[in-house]
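Let me begin by presenting the structure, written as structure tokens, before commenting on it.
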Amino acid sequence: MPAEATTKDPTGTEEIVGPFADLIQRLGGDAWDIAAANIPRDLHWQTVLLTATIAALIWMVRSGHGSKGADGRERRTGLVQFLLPRDIYTHMSARVDIWLWVIERVLRPFWAVALLATVGPTTEQSVIGFLQWAFGATPALQPNYGWMLLYSLVTLLCYDFAFFSIHYTMHRVPALWAIHKVHHTAEVLTPMTRTREHVLAGPIWAAGGALSFGVAAGLFAYLFDGGITAATLFNVGFFSLLFGFNGSFRHYHVQFHYPVWLSKWLHSPVMHHIHHSYLPKHWDTNFAAVTSIWDRLFNTLYIPDKDEYTPWGIGPETQAQYRSSWQNLVGPFRDWYQMLFGGKTPQAGPASAAEEAQP
């Protein structure tokens, strides 16, 4: 961060330019190009290769066990079927993943640029202004790698809490569940299921992320007079490494468990498999993205048993309404119409508690 991070506003008051606002200023016209780079980190070939390598190691260690079929049951298979099971990648749900991914990628640059340039920097400057009002001038601490690590950790926790809060609300508020339900209509999990969202969901998630990053950036910009950056490893943020690695397995049929003691602090990928199950005992659990802290605090943490049965989707009674891409796109509008004029409220949960079949 350049030393001239502090400037003066028209009133003569020193104005701190935080890392978020400084980034936007330095990007300038390149912001559109960066936002338009529409391949998620967990779909880059390097991440795909790493994911496949780790999955192959799981196959070797567990003697062919550790992957699930389209029915959500663990099974023993050969290596090729373990990595690329035919019943999952030829499933109608996997094809819908692709079409929704294409639509989301086309629209992402429009709202990503808008939120990148507005919500994040505005939040950052609001936090800086409040802290200056409450505590006076910046203490202008001198950054070191320890402080940079703390900045990275606080940023991660802020983002994880924002993700948890939005996710929890989407499951509890019927009007928002109508949007988020599209993600849960996935009957199989593939790496592209991560971006299986309704077009209206993207701006909500992006706004939450920009807000959380702005809060963390504003706090540390005040403490360090704008002169701090997050810690990196090989020039990649620790948060990006952790979330990208975790995210590649969250929507993948191979089971990647953590030890129980670690799962109480960090979400293992298989814990998100539980979140996608329509069994009543699994519903409304494991909302966070990276840590287990918020789920523990709000009593929504569920640590699964090894090879636990997880039938994915929203349940047999309503799944047929979300089989095609078109059905997923119009689904929220149909639900809203029923809420406004039909006196019906979409249920946020599995369609039927009677479906809790056990293997």
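Each step along the sequence shown adds one to the number in my numbering, with nothing skipped, and position 288 is 453. Note that beta-carbon positions come from the ideal geometry of N, C-alpha and C, so glycine has one too. Here the structure is a predicted model, which means the values were calculated and not measured.
(Q) Relative to the C-alpha of Pro-481, which candidate in Phe-506, Pro-304, Leu-444, Asp-470 has its C-alpha closest? (A) Residue 481 sits at position 316 when you count from the first residue of the sequence shown. Ranking Phe-506, Pro-304, Leu-444, Asp-470 by Cα distance to Pro-481 puts Leu-444 first.
Q. Ordered along the chain, which non-local residues of its own chain (more than five positions away) have a Cβ less than 7 Å from that of Val-435?
A. Looking up residue 435 in the sequence shown gives position 270. Within the same chain, Val-435 has close Cβ partners Gln-420, Phe-421, His-422, Pro-469.
Q. So, is Ala-305 buried or exposed, given that buried needs 16 or more other C-beta atoms within 10 angstroms?
A. Against the sequence shown, residue 305 aligns to sequence position 140. Exposed.
Q: Throw me the rounded Cβ distance for the Asp-390 and Thr-303 pair, which I believe falls under 8 Å.
A: Within the sequence shown, numbered from 1, the residue matching residue 390 stands at position 225. Within the sequence shown, numbered from 1, the residue matching residue 303 stands at position 138. Sure, about 5 Å apart at Cβ, within 8 Å.
**Q.** Sequence-distant residues of the same chain with beta carbon closer than 7 Å to Lys-471, five excluded per side
**A.** Your numbering for residue 471 matches position 306 in the sequence shown. His-422.
Q | Beta-carbon contacts of His-256 that lie in its chain and below 6 Å, excluding the five residues immediately before and after | A | One-based indexing of the sequence shown puts residue 256 at position 91. Counting only Cβ-Cβ distances below 6 Å, and skipping sequence neighbours, we find Ala-235, Val-353.
Q. Bridge partners of Leu-244, per DSSP?
A. Position 79 of the sequence shown, counted from the first residue, corresponds to residue 244. Bridge partners of Leu-244: none, in fact.
Q. Excluding sequence positions up to five away, which residues of its chain have a Cβ less than 6 Å from the Cβ of His-447?
A. Looking up residue 447 in the sequence shown gives position 282. Around His-447: Ile-439.
Q) In terms of DSSP beta bridges, what is Trp-477 paired with? A) Residue 477 sits at position 312 when you count from the first residue of the sequence shown. DSSP, once it has assigned bridges, lists Ser-442 as partnering Trp-477.
Q. Just to confirm, are His-432 and Asn-411 a CB contact at a threshold of 8 Å?
A. Residue mapping note: residue 432 aligns to position 267 of the sequence shown, counting from 1. Residue mapping note: residue 411 aligns to position 246 of the sequence shown, counting from 1. Contact: yes.
Q. Who pairs with Ser-537 in a beta bridge, going by DSSP?
A. There is simply no residue 537 to check, as the chain begins at 166 and stops at 524 in what is shown.
**Q.** Inter-residue spacing [alpha-carbon to alpha-carbon] between Arg-359 and Gln-484
**A.** Within the sequence shown, numbered from 1, the residue matching residue 359 stands at position 194. Within the sequence shown, numbered from 1, the residue matching residue 484 stands at position 319. Approximately 19 Å, taken between the alpha carbons.
Q | Continuous alpha helix (DSSP H) assignments of at least 4 residues falling wholly in the region 255-326 | A | 257-282, 284-300
Q: Report buried or exposed for Tyr-487, applying the criterion of at least 16 other Cβ atoms within 10 angstroms of its Cβ.
A: As a working mapping, residue 487 is identified with position 322 in the sequence shown. So Tyr-487 counts as buried.
Q) What are the start and end residues of each continuous beta strand (DSSP E) run of 3 or more residues lying completely inside the region 327-376, in chain order? A) none
(Q) Could you compute how far the alpha carbon of Gly-508 sits from the alpha carbon of Thr-350? (A) Working through the sequence shown from its first residue, we reach residue 508 at position 343. Working through the sequence shown from its first residue, we reach residue 350 at position 185. So the alpha carbons of these two residues sit roughly 23 Å apart.
Q: With a 10 Å radius around its C-beta and 16 neighbouring C-beta atoms as the bar for buried, classify Val-537 as buried or exposed.
A: With the chain running from 166 to 524 in the structure shown, residue 537 is simply not present.
Q: Report yes or no: do the region 489-501 and the region 241-252 share at least 3 C-beta pairs separated by less than 8 Å?
A: no
Q | Burial state of Thr-218 (16 or more Cβ within 10 Å) | A | Looking up residue 218 in the sequence shown gives position 53. Classification for Thr-218: exposed.
Q | Helix, strand or coil at Thr-456 [DSSP, three-state] | A | Position 291 of the sequence shown, counted from the first residue, corresponds to residue 456. The answer is strand: DSSP assigns Thr-456 an E or B state.
**Q.** When Val-495, Val-364, Trp-430 are compared against Arg-270, the one with the closest alpha-carbon
**A.** By one-based count along the sequence shown, residue 270 stands at place 105. Nearest C-alpha to Arg-270: Val-364.
Q) Apart from the five residues just before and just after Thr-216, which ones in its own chain have a Cβ nearer than 8 Å to its Cβ? A) Counting from one through the sequence shown, the residue named residue 216 turns up at place 51. Same-chain partners within the cutoff: Asp-207, Pro-356, Ser-413, Phe-414, Tyr-417.
Q: Would you mind sorting Asn-309 into buried or exposed? The rule is 16 or more other CB atoms within 10 Å of its CB.
A: In the sequence shown, residue 309 corresponds to position 144, counting from 1. By the 10 Å Cβ count, Asn-309 comes out exposed.
Q. Can you tell which of Ile-223, Thr-288, Glu-362, His-441 has the C-alpha that lies nearest to the C-alpha of Leu-265?
A. As a position in the sequence shown, residue 265 is number 100, starting the count at 1. It is Glu-362 whose Cα lies nearest to the Cα of Leu-265.
Q) How about Gly-285 and Gly-373: do their beta carbons lie closer than 8 Å? A) Position 120 of the sequence shown, counted from the start, is the residue given in the question as residue 285. Position 208 of the sequence shown, counted from the start, is the residue given in the question as residue 373. No, they are not a contact pair.
Q) In the DSSP assignment, what residue or residues form a beta bridge with Leu-431? A) Position 266 of the sequence shown, counted from the start, is the residue given in the question as residue 431. Beta-bridge pairing links Leu-431 to Thr-456.
**Q.** Integer Cβ distance of Ser-457 from Trp-430, believed to fall under 8 Å
**A.** Within the sequence shown, residue 457 is the residue found at index 292, counting from 1. Within the sequence shown, residue 430 is the residue found at index 265, counting from 1. Right, their Cβ atoms sit about 6 Å apart.
**Q.** Pro-424 burial status per 10 Å Cβ neighbour count (16 or more: buried)
**A.** Looking up residue 424 in the sequence shown gives position 259. Exposed is the call here.
**Q.** For Leu-272 and Ala-340, the rounded distance between their alpha carbons
**A.** On the sequence shown, position 175 is the one that residue 340 refers to. On the sequence shown, position 107 is the one that residue 272 refers to. Whole-angstrom Cα-Cα distance: 22 Å.
Q: Select from Phe-329, Pro-368, Ile-393, Gln-211 the residue whose C-alpha is nearest the C-alpha of Gln-307.
A: The count along the sequence shown starts at 1 and reaches residue 307 at position 142. Selected option, being the one with the closest Cα: Ile-393.
Q.
On the criterion of 16 or more Cβ atoms from any shown chain inside 10 Å, does Ser-228 qualify as buried, or is it exposed?
A. Looking up residue 228 in the sequence shown gives position 63. With fewer than 16 Cβ atoms within 10 Å of its Cβ, Ser-228 is classed as exposed.
Q: Using three-state DSSP, classify Gly-507 as helix, strand or coil.
A: Taking the sequence shown and counting its residues from 1, the one referred to as residue 507 is at position 342. If DSSP states are grouped into helix, strand and coil, Gly-507 belongs with the helices.
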